[in-house]
Ligand code: C5P
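Right under this line is the structure:
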């Protein structure tokens, strides 16, 4: 990956630390941020003091550490609203289940949660907790709400935990947090790598009616495309999201068009093309649809013809039609493969005339379809970049960063 931490030079980073064991790593994180040229102000929750001292954090950041909304002395030096406005980015690391719950509900009961509400800066959080806690539906629900609000979720990593368990919930390591912050850093004038650019993303499955109650579809959840749309928005783009059925909510600034069939998706995509600079086709579009969708429910007992045969006709290849239209500067496809993954994807990229294709192996059921994790390879004309198993949100962030860098000249034409 290209060296990115120089993006952090001159940035104002507000580091929030909540009360988890991973807080012991935060002095190193602060040290690295300062070495990368960032100014760091640290805010701790009351429980964070159980794991790391304010004295260490003050020493490495060079700034007094704040922990109390009602500290008259600290407020006189820099009021909390002033501190909220000072931040270019807020990172909460570690983010405990309790901190995540407060952020998700807009609770402002301590200094750190108040700052997150009062600041216009992007907020990233690095969850850290026991694997059972992390996988609890309440925590997952809160994380999904935060993500829909535009909060970036970094990690967590998976592996041995301080409590002796193994699984997801380890805080992302300081070096990787630094890279993640650098990826989404806007320049001093608030511009991101995709500012002035319109990105259209398709996501989710399509549904092809057999009769009024039955359809042909697939296992796509739309999560990866949602994450790509969200990362593009954070990188400064205007985003149009064309979503198949069942796709979860997107950020309010994303212009969303809901569709059901491949035909609907084709039409909405072509409506969006005149204003699109970059097209990213993440949707799992049905390749075929029933030739004659029945107006009434098909009955079971048909003695004269016990076997059922469904005639199918081909749907349009949406992404290939985008390339053929010549209206878009960069076209990126996705490919879900079950065998000979890389070769199939290389062939598909060339055949469809795509600038890049992102391929994942869906024969491994722990990632890909309906999972929050994925592992992909980005294939472009001059090379391939492998992304290991990571949350879809992180993959999206890195993909958008890589696409911004690879196609910078085409995008700014
Ligand atoms: O050929 P395959 O379906 O695997 O190609 C995957 C890529 O093509 C994805 O980017 C998908 O969104 C796009 N596609 C499309 N229209 C279709 C089928 C696939 O845009 N009918």
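Residue numbers (our numbering): -2 to 410.
C-beta atoms are modelled at their ideal positions from N, C-alpha and C, and glycine is treated no differently.
Reduced DSSP secondary structure (H/G/I, E/B, other) of residue i
i: residue 287; result: strand
i: residue 24; result: helix
i: residue 251; result: coil
i: residue 410; result: coil
i: residue 261; result: helix
i: residue 377; result: strand
i: residue 70; result: helix
i: residue 87; result: strand
i: residue 220; result: helix
i: residue 110; result: helix
i: residue 127; result: coil
i: residue 449; result: This structure leaves residue 449 out entirely; the chain is present only between -2 and 410.
i: residue 103; result: coil
i: residue 321; result: helix
i: residue 330; result: strand
i: residue 308; result: coil
i: residue 279; result: coil
i: residue 4; result: helix
i: residue 245; result: coil
i: residue 397; result: helix
i: residue 115; result: helix
i: residue 213; result: strand
i: residue 295; result: coil
i: residue 256; result: coil
i: residue 269; result: helix
i: residue 132; result: helix
i: residue 226; result: helix
i: residue 94; result: helix
i: residue 240; result: strand
Presumed contact (8 Å Cβ cut-off) between residue i and residue j, rounded CB distance
i: residue 16; j: residue 42; result: 6 Å
i: residue 384; j: residue 392; result: 5 Å
i: residue 11; j: residue 38; result: 5 Å
i: residue 308; j: residue 288; result: 4 Å
i: residue 93; j: residue 54; result: Wrong, their Cβ atoms sit about 17 Å apart, outside the cutoff.
i: residue 135; j: residue 397; result: That pair is no contact at about 29 Å.
i: residue 168; j: residue 91; result: 5 Å
i: residue 152; j: residue 124; result: 6 Å
Point to revise | Complete runs of the beta strand (DSSP E) confined to the region 134 to 210 [at least 3 residues] | key: 154 to 157, 163 to 167, 195 to 200, 205 to 208
**Study point:** Entirely enclosed alpha helix (DSSP H) segments - the region 332 to 362, minimum 4 residues
**Key:** Counting only runs of 4 or more, we get 338 to 349.
Review point. Curious, which full-length alpha helix (DSSP H) runs of at least 4 residues does the region 7 to 65 contain?
Key: 23 to 32, 51 to 58
Exercise for review: Indicate whether the contact test is met: 3 or more Cβ pairs, each with one atom in the region 189 to 205 and one in the region 232 to 246, closer than 8 Å.
Suggested key: Pairwise C-beta distances place the region 189 to 205 in contact with the region 232 to 246, as three or more of them are shorter than 8 Å.
**Study point:** Meets three-Cβ-pair contact criterion under 8 Å: the region 155 to 164 and the region 99 to 115
**Key:** no
Check your understanding: In chain order, what are the residues with a CB under 5 Å from some non-hydrogen atom of ligand 1?
Key -> 278, 280, 282, 312, 314, 315, 316, 330, 331, 332
Check your understanding: Looking at C-beta atoms only, is the number of pairs between the region 223 to 235 and the region 254 to 266 that lie closer than 8 Å three or more?
Key -> no
Point to revise | Touch test, the region 293 to 305 against the region 249 to 264, Cβ-Cβ under 8 Å, three pairs minimum | key: no
Point to revise | the region 115 to 122 contacting the region 77 to 90, beta-carbon criterion three pairs below 8 Å | key: yes
Review point. Can at least three beta-carbon pairs, one atom from the region 280 to 287 and one from the region 306 to 326, be found at a separation below 8 Å?
Key: Contact between the region 280 to 287 and the region 306 to 326 is present, because at least three Cβ pairs lie under 8 Å.
Review point. With a cut-off of 8 Å, do at least 3 Cβ pairs link the region 18 to 34 to the region 171 to 180?
Key: yes
Exercise for review: Report yes or no: do the region 98 to 109 and the region 126 to 146 share at least 3 C-beta pairs separated by less than 8 Å?
Suggested key: yes
Check your understanding: Given 8 Å as the limit, is there contact between the region 346 to 360 and the region 375 to 384, that is, 3 or more CB pairs closer than that?
Key -> yes
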